[in-house]
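2 protein chains.
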Amino acid sequence: MPLNLKTHTEHFTNPLYLESGRILEPYDITYETYGELNDDKSNVVVVCHALTGSHHCAGTYEDDTKAGWWDGLIGPGKAIDTDKYFVICTNVIGSCFGSTGPMSPQLPHHNPYRYKFPVVTVKDMIKAQRILFDRLNIHSVHAIVGGSMGGMQALQFAIHYPKFAKKIISMATTHATQPWAIAFNKVAQESILKDPDFKQGYYDSEVIKEHGLAGMAVGRMAGHISFLSHESMNEKFGREYKRNDGLYELFGKFQIESYLEYNGYNFTKWFDPLSYLYITKAINIYDLSRGFDSMKEALKKINSELHLISFSNDLLFKSSEMKELSDMLEDVGSTNHHYRDIESDYGHDAFLVELDKFKDYVAEVLK
Amino acid sequence: MPLNLKTHTEHFTNPLYLESGRILEPYDITYETYGELNDDKSNVVVVCHALTGSHHCAGTYEDDTKAGWWDGLIGPGKAIDTDKYFVICTNVIGSCFGSTGPMSPQLPHHNPYRYKFPVVTVKDMIKAQRILFDRLNIHSVHAIVGGSMGGMQALQFAIHYPKFAKKIISMATTHATQPWAIAFNKVAQESILKDPDFKQGYYDSEVIKEHGLAGMAVGRMAGHISFLSHESMNEKFGREYKRNDGLYELFGKFQIESYLEYNGYNFTKWFDPLSYLYITKAINIYDLSRGFDSMKEALKKINSELHLISFSNDLLFKSSEMKELSDMLEDVGSTNHHYRDIESDYGHDAFLVELDKFKDYVAEVLK
Numbered sequence: 380m381p382l383n384l385k386t387h388t389e390h391f392t393n394p395l396y397l398e399s400g401r402i403l404e405p406y407d408i409t410y411e412t413y414g415e416l417n418d419d420k421s422n423v424v425v426v427c428h429a430l431t432g433s434h435h436c437a438g439t440y441e442d443d444t445k446a447g448w449w450d451g452l453i454g455p456g457k458a459i460d461t462d463k464y465f466v467i468c469t470n471v472i473g474s475c476f477g478s479t480g481p482m483s484p485q486l487p488h489h490n491p492y493r494y495k496f497p498v499v500t501v502k503d504m505i506k507a508q509r510i511l512f513d514r515l516n517i518h519s520v521h522a523i524v525g526g527s528m529g530g531m532q533a534l535q536f537a538i539h540y541p542k543f544a545k546k547i548i549s550m551a552t553t554h555a556t557q558p559w560a561i562a563f564n565k566v567a568q569e570s571i572l573k574d575p576d577f578k579q580g581y582y583d584s585e586v587i588k589e590h591g592l593a594g595m596a597v598g599r600m601a602g603h604i605s606f607l608s609h610e611s612m613n614e615k616f617g618r619e620y621k622r623n624d625g626l627y628e629l630f631g632k633f634q635i636e637s638y639l640e641y642n643g644y645n646f647t648k649w650f651d652p653l654s655y656l657y658i659t660k661a662i663n664i665y666d667l668s669r670g671f672d673s674m675k676e677a678l679k680k681i682n683s684e685l686h687l688i689s690f691s692n693d694l695l696f697k698s699s700e701m702k703e704l705s706d707m708l709e710d711v712g713s714t715n716h717h718y719r720d721i722e723s724d725y726g727h728d729a730f731l732v733e734l735d736k737f738k739d740y741v742a743e744v745l746k
Numbered sequence: 380m381p382l383n384l385k386t387h388t389e390h391f392t393n394p395l396y397l398e399s400g401r402i403l404e405p406y407d408i409t410y411e412t413y414g415e416l417n418d419d420k421s422n423v424v425v426v427c428h429a430l431t432g433s434h435h436c437a438g439t440y441e442d443d444t445k446a447g448w449w450d451g452l453i454g455p456g457k458a459i460d461t462d463k464y465f466v467i468c469t470n471v472i473g474s475c476f477g478s479t480g481p482m483s484p485q486l487p488h489h490n491p492y493r494y495k496f497p498v499v500t501v502k503d504m505i506k507a508q509r510i511l512f513d514r515l516n517i518h519s520v521h522a523i524v525g526g527s528m529g530g531m532q533a534l535q536f537a538i539h540y541p542k543f544a545k546k547i548i549s550m551a552t553t554h555a556t557q558p559w560a561i562a563f564n565k566v567a568q569e570s571i572l573k574d575p576d577f578k579q580g581y582y583d584s585e586v587i588k589e590h591g592l593a594g595m596a597v598g599r600m601a602g603h604i605s606f607l608s609h610e611s612m613n614e615k616f617g618r619e620y621k622r623n624d625g626l627y628e629l630f631g632k633f634q635i636e637s638y639l640e641y642n643g644y645n646f647t648k649w650f651d652p653l654s655y656l657y658i659t660k661a662i663n664i665y666d667l668s669r670g671f672d673s674m675k676e677a678l679k680k681i682n683s684e685l686h687l688i689s690f691s692n693d694l695l696f697k698s699s700e701m702k703e704l705s706d707m708l709e710d711v712g713s714t715n716h717h718y719r720d721i722e723s724d725y726g727h728d729a730f731l732v733e734l735d736k737f738k739d740y741v742a743e744v745l746k
């Protein structure tokens with residue numbers, strides 16, 4: 380069967396009550412679906428995206444050449460088989476691909492919120508999704524799958540809507556963001572905030588899309604250091620120069636430098652600086668135990684079959700964090716969770732690029 | 380005996396021939412000595428400083444409260460015992476504490492070199508030191524000790540002046556800078572270059588000392604991530620907020636953020652941006668094998684008794700790099716080298732803060 384890619388935006392006029400005590404009202408949620416919803420609505424798989432991802436996780440738009448960010452995993456006959464499952468991926472609130480975020484118009488004047496946008500948390504992100512699913516008359520799902528911040532959302536679903544998903548797969552993530560991850564985000568945030576072209580949040584989006592924003596580029600470069608492992612950096616770049624004509628040994632640019640530059644500056648053409656600030660904030664304050672007496676109390680809420688996957692050389696969300704989460708689940712008597720550490724040289728990026736290492740497992744879990 | 384701290388600057392009018400083919404002429408070298416040179420000049424210990432270090436490695440100036448950067452290691456009765464040894468530490472060329480660097484006056488006009496300053500390498504740094512020692516009539520030394528870029532200098536001495544030092548202790552460093560270290564430096568370099576207050580190198584130093592340079596602060600924050608280990612970040616900061624009054628869970632500043640801010644912004648008050656660019660460049664292009672057919676050919680030159688020390692959780696210059704260097708020395712038939720990995724939770728900073736873990740070893744080697 381074809382992928383049956385559909386993109387929608389739903390408008391909500393009721394207030395979204397946020398963890399901060401503030402409200403978002405009205406708000407939009409943009410989402411994408413693949414496959415067909417079956418009659419008893421028992422074949423829904425929710426996919427959650429990471430920091431800079433979007434609802435576009437599979438297929439290729441007609442006017443584009445680049446496939447969705449998990450296209451290798453999602454589609455007809457693939458691990459998340461759209462011949463069997465109805466897949467939904469929503470753009471998180473706070474992001475910049477259709478769902479309401481800091482550059483969305485604020486009522487009544489319709490100017491962008493900018494800094495007036497409220498702090499959003501991972502819990503707020505999944506609450507908004509849950510409200511969307513309600514509108515779609517989907518009150519429970521077969522599975523939720525996500526990596527990195529998508530894995531945070533999957534875990535947050537598991538705790539706050541324990542009866543919502545039968546199965547949950549959370550990969551390359553953690554139960555509470557650790558200081559080194561906060562530190563990398565801090566560098567990016569400071570770098571954006573201190574760029575005069577950011578204009579203290581009052582930048583012109585079109586100008587930034589055209590000319591880039593150096594502060595965000597630099598911040599993103601720091602991010603990329605955390606996405607790679609030392610092994611993959613050695614393999615991909617080593618100490619190679621971009622050109623090597625002798626002179627370059629003293630004056631040239633290393634391949635790794637060129638990689639960071641390209642990814643850093645290119646990034647500023649397609650992502651919004653305020654969204655980057657708000658979403659990195661959401662990641663930094665992410666902590667499954669918030670609102671509970673302890674992490675273990677939070678974990679006791681989990682009812683779904685839970686699959687935790689880490690990648691051996693992930694320097695951002697380390698295997699040891701996932702192992703710790705698994706051990707805590709053990710301690711609170713969970714009998715319905717599975718933890719698997721996947722050997723990979725790719726570091727944090729593995730969840731996006733080493734699909735071969737986990738796609739069979741995902742297919743098996745979904746069965 | 381007293382420390383006998385003396386600070387000097389020597390002026391050189393002969394050209395310094397650099398690895399790049401360019402020359403530096405004239406140039407100054409600022410250095411500091413402690414203890415007394417003995418009659419047969421057999422008690423000299425050279426100490427080499429790291430990226431942002433200076434010649435001031437021990438003692439406290441009369442008008443200051445902060446001791447030199449290795450004061451815990453160097454002094455009367457300490458591991459590098461100034462009652463026995465005559466210790467010399469020179470500020471590297473390219474730096475900003477007295478030796479000639481990018482903000483030094485260029486002849487004939489006496490304006491600062493700025494970008495006209497030549498690329499310097501670690502080999503150039505030690506060549507300049509060697510010339511200084513010649514002027515001081517010191518033609519061989521008892522030992523050379525350094526960590527991080529200081530360790531690079533120590534190794535470079537071992538290869539290029541094989542008969543100069545009897546013993547060499549090189550710690551928390553590598554034989555050739557690896558891509559993740561290059562990447563961290565790249566973030567700092569880009570961050571400085573893109574700051575409009577850097578004025579493409581034509582900044583006013585006094586203005587920067589007073590108001591700081593955000594780009595350099597952000598770059599230094601990234602650097603600090605690489606200086607710490609995950610273990611030390613967890614222990615020092617965890618997910619603690621700077622204040623914790625409840626609200627802070629969503630709106631507050633994490634301790635790690637506050638640490639990075641303080642160290643980042645404070646740094647720009649005492650270090651020069653162009654020196655940071657030039658010295659990080661020197662670190663990035665550092666490769667002991669340059670000019671040789673292979674690393675092993677380079678290592679065959681070593682004649683000094685060589686002591687390599689790594690720190691188990693160093694994320695910048697990893698234990699595995701030092702182990703690899705040790706293995707290569709083994710392969711080329713060296714019988715005069717010793718490698719020791721020190722268990723430490725401090726990461727790269729260990730060479731500055733965990734002196735207790737290696738000072739006895741240093742004392743023993745020097746004996």
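So the sequence lines, in the order shown, correspond to chains A and B.
Residues 380 to 746 (this note's numbering) are what the first sequence spells out, left to right.
Residues 380 to 746 (this note's numbering) are what the second sequence spells out, left to right.
The C-beta atom is built at its ideal place from N, Cα and C for all residues, glycine as well.
Only a predicted model underlies this, so the values are computations on that prediction, with no experimental measurement involved.
Residue i classed as buried or exposed, judged by whether at least 16 other C-beta atoms fall within 10 angstroms
i             : result
residue 514/B : exposed
residue 393/A : exposed
residue 448/B : buried
residue 766/A : Nothing can be reported for residue 766/A: it is not among the residues displayed for chain A, which extend from 380 to 746.
residue 747/A : One cannot answer for residue 747/A here, as it falls past the ends of chain A, which runs 380 to 746.
residue 663/A : buried
For residue i, the first and last residue of its enclosing alpha helix (DSSP H)
i             : result
residue 650/B : Premise fails: residue 650/B is in no alpha helix (DSSP H) and is neither H nor E.
residue 588/A : 584–590
residue 730/A : 729–732
residue 664/A : Neither: residue 664/A is in no alpha helix (DSSP H) and is coded neither H nor E.
residue 710/A : 698–710
residue 636/A : 634–646
residue 739/A : 738–745
residue 471/B : Premise fails: residue 471/B is in no alpha helix (DSSP H) and is neither H nor E.
residue 678/B : 674–678
residue 604/A : 593–606
Chain-ordered chain B contacts of residue i [CB-CB under 8 Å]
i             : result
residue 593/A : 569 and 573
residue 674/A : Within chain B, no residue comes near residue 674/A; the closest Cβ sits about 11 Å away, beyond 8 Å.
residue 399/A : 629 and 630
Residue i - containing beta strand (DSSP E), residue span
i             : result
residue 611/A : Counting along the chain, residue 611/A falls outside any beta strand (DSSP E), though it belongs to the alpha helix (DSSP H) covering 609–615.
residue 576/A : Unbroken run through residue 576/A: none, as it is neither H nor E.
Cβ of residue i within 7 Å of any chain B Cβ
i             : result
residue 601/A : yes
residue 472/A : no
residue 558/A : yes
residue 761/A : Lying before the first or after the last residue shown, residue 761/A is absent from chain A, which here runs from 380 to 746.
residue 639/A : yes
residue 633/A : yes
residue 597/A : yes
residue 351/A : With chain A covering 380 to 746 only, the question about residue 351/A has no answer from this structure.
residue 565/A : yes
Chain A contact residues for residue i, given Cβ-Cβ distances below 9 Å
i             : result
residue 585/B : None at all; the shortest Cβ gap to chain A is about 20 Å.
7 Å Cβ cutoff, residue i in contact with chain A
i             : result
residue 499/B : no
residue 604/B : yes
residue 614/B : no
residue 636/B : yes
residue 609/B : yes
Heavy atom of the ligand FMN within 6 Å of residue i beta-carbon
i             : result
residue 505/A : Absence of the ligand FMN is noted for the structure shown, with no ligands found whatsoever.
Partner residues on chain A for residue i, Cβ-Cβ distance less than 7 Å
i             : result
residue 669/B : 628
Under 7 Å from the C-beta of residue i: neighbouring residues of chain B
i             : result
residue 664/A : 628 and 629
Chain B residues whose Cβ lies nearer than 9 Å to that of residue i
i             : result
residue 617/A : 557 and 558
Identify every run of the alpha helix (DSSP H) within the stretch 494–573 of chain B, keeping only runs that are complete inside it and at least 4 residues long; order them along the chain. 501–514, 528–539 and 558–572
Taking Cβ-Cβ distances below 7 Å as the criterion, which residues of the stretch 510–521 of chain A are in contact with chain C? Structure shown: chain C not included; protein chains present are A and B.
Runs of alpha helix (DSSP H) lying entirely within the stretch 393–479 of chain A, each at least 4 residues, in chain order: none
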